[in-house]
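Protein chains in written order, with my numbering: chain A, 393 to 547; chain B, 393 to 547.
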């Protein structure tokens with residue numbers, strides 16, 4: 393188990409593209425969620441993952457993640473997911489000491505680009521890159537679970 | 393991934409106790425469920441498991457099970473389960489060529505004893521032991537998920 397501390401920002405220009413250090417295609421879906429937990433299946437590149445997250449409370453929340461066989465993850469996405477499957481490309485983008493993750497969404501969330509920074513404590517200092525726009529860490533519409541329920545194209 | 397073929401029976405006497413080959417204390421809870429899937433956390437003896445089951449359709453259903461750290465399983469049962477945690481002792485009971493699992497429930501399901509037999513195909517023959525009573529394979533009240541929602545003591 394770990395506790396995830398994550399800051400999330402909109403992205404206001406494309407200057408981040410010069411600082412890309414790597415990328416992965418991601419497909420993810422949600423098997424189920426309650427007021428206490430959500431259960432996510434993800435295919436990232438050629439690997440599968442199953443992730444349990446505690447219900448969100450600000451920027452910290454419990455997270456349990458396990459690697460699973462790729463074929464299991466694909467079968468679960470195909471048959472057991474009850475919401476839209478999220479498609480995105482995740483870019484790793486360097487900014488100063490930090491490696492950000494920029495998600496460029498496709499499918500029903502096309503047009504949305506989100507930048508995430510994982511921190512080791514809630515008060516860890518970081519520099520805001522010039523491509524970073526409004527902070528949306530606490531805006532529930534931008535949770536991936538929300539984007540599976542109510543995709544960006546329908547806003 | 394596997395497909396689980398399971399027959400389930402009530403237990404009408406205690407003659408099975410002479411044929412016990414082993415036992416485990418089990419605690420299990422449900423993180424979430426939808427019309428397509430349920431997500432179960434289990435502590436069995438000193439091991440943890442996370443299990444995804446496809447929605448039930450008769451005696452066959454998709455099942456994905458993964459071993460997880462015991463401390464993760466305990467933390468999830470303590471904090472993320474939204475229904476009652478099921479307590480039971482599972483006995484392995486020999487009958488002819490088959491090894492049955494008999495669940496003796498405790499806590500809110502005390503008084504209930506269920507016998508389960510896992511088969512490799514839906515038409516695999518088996519002998520019904522003399523302690524086996526009515527078949528309840530298709531009775532949704534006896535699903536463990538149902539017993540977490542509506543325990544036996546409240547029937």
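For every residue, glycine included, the Cβ atom is placed at its ideal position computed from N, Cα and C.
Only a predicted model underlies this, so the values are computations on that prediction, with no experimental measurement involved.
Rounded straight-line distance, which links the Cα of residue j to that of residue i
i: residue 397(A); j: residue 524(A); result: 18 angstroms
i: residue 451(B); j: residue 486(A); result: Note on residue 451(B): pLDDT 48, under 50, position unreliable in the model; the coordinate value appears next. Each residue's Cα considered, the two are about 52 angstroms apart.
i: residue 508(B); j: residue 443(A); result: 30 angstroms
i: residue 424(B); j: residue 462(B); result: 19 angstroms
i: residue 457(B); j: residue 430(B); result: 12 angstroms
i: residue 505(B); j: residue 402(B); result: 7 angstroms
i: residue 411(B); j: residue 488(B); result: 10 angstroms
i: residue 522(B); j: residue 418(B); result: 26 angstroms
i: residue 570(B); j: residue 478(B); result: Beyond the ends of chain B as shown, which are 393 and 547, falls residue 570(B); an answer cannot be given.
i: residue 516(B); j: residue 535(B); result: 22 angstroms
i: residue 533(A); j: residue 542(A); result: 8 angstroms
i: residue 498(A); j: residue 480(A); result: 5 angstroms
i: residue 416(A); j: residue 503(A); result: 18 angstroms
i: residue 531(A); j: residue 514(A); result: 17 angstroms
i: residue 447(A); j: residue 484(B); result: 37 angstroms
i: residue 475(B); j: residue 476(A); result: 26 angstroms
Partner residues on chain B for residue i, Cβ-Cβ distance less than 9 angstroms
i: residue 428(A); result: 423, 424, 471, 472, 473 and 474
i: residue 505(A); result: Near residue 505(A) there are no residues of chain B at all, since even the closest Cβ is about 29 angstroms away, more than 9 angstroms.
Amino acids of chain A, ordered along the chain, whose beta-carbon sits closer than 8 angstroms to that of residue i
i: residue 458(B); result: 442, 458 and 460
Under 7 angstroms from the C-beta of residue i: neighbouring residues of chain A
i: residue 477(B); result: Under the 7 angstroms cutoff, chain A gives no residues; its nearest Cβ is about 13 angstroms from residue 477(B).
CB of residue i within 9 angstroms of CB of residue j, strictly
i: residue 482(B); j: residue 493(B); result: yes
i: residue 459(B); j: residue 440(B); result: yes
i: residue 537(A); j: residue 432(A); result: yes
i: residue 544(A); j: residue 399(A); result: no
Chain-ordered neighbours of residue i on chain B, where CB pairs are closer than 8 angstroms
i: residue 446(A); result: 471 and 472
Selection from the options that minimises the alpha carbon distance to residue i
i: residue 413(B); options: 490(B), 404(B) and 530(B); result: 490(B)
i: residue 469(B); options: 506(B), 540(B) and 496(B); result: 540(B)
i: residue 473(B); options: 404(B), 454(B), 434(B) and 459(B); result: 434(B)
i: residue 511(B); options: 467(B), 529(B), 465(B) and 447(B); result: 529(B)
i: residue 436(B); options: 447(B), 407(B), 466(B) and 428(B); result: 466(B)
i: residue 427(B); options: 497(B), 417(B), 445(B) and 415(B); result: 445(B)
i: residue 405(B); options: 526(B), 498(B) and 475(B); result: 526(B)
i: residue 471(B); options: 409(A), 497(A) and 454(A); result: 454(A)
i: residue 408(B); options: 513(B), 496(B) and 438(B); result: 496(B)
i: residue 464(A); options: 484(A), 531(A) and 438(A); result: 438(A)
Chain-ordered neighbours of residue i on chain B, where CB pairs are closer than 7 angstroms
i: residue 431(A); result: 423, 424 and 431
Any non-hydrogen atom of the ligand COA closer than 8 angstroms to residue i Cβ
i: residue 413(B); result: No copy of the ligand COA appears in this structure; indeed no ligand is present at all.
Minimum Cβ-Cβ distance from residue i to chain C less than 9 angstroms
i: residue 467(A); result: Among the protein chains of the structure shown, namely A and B, there is no chain C.
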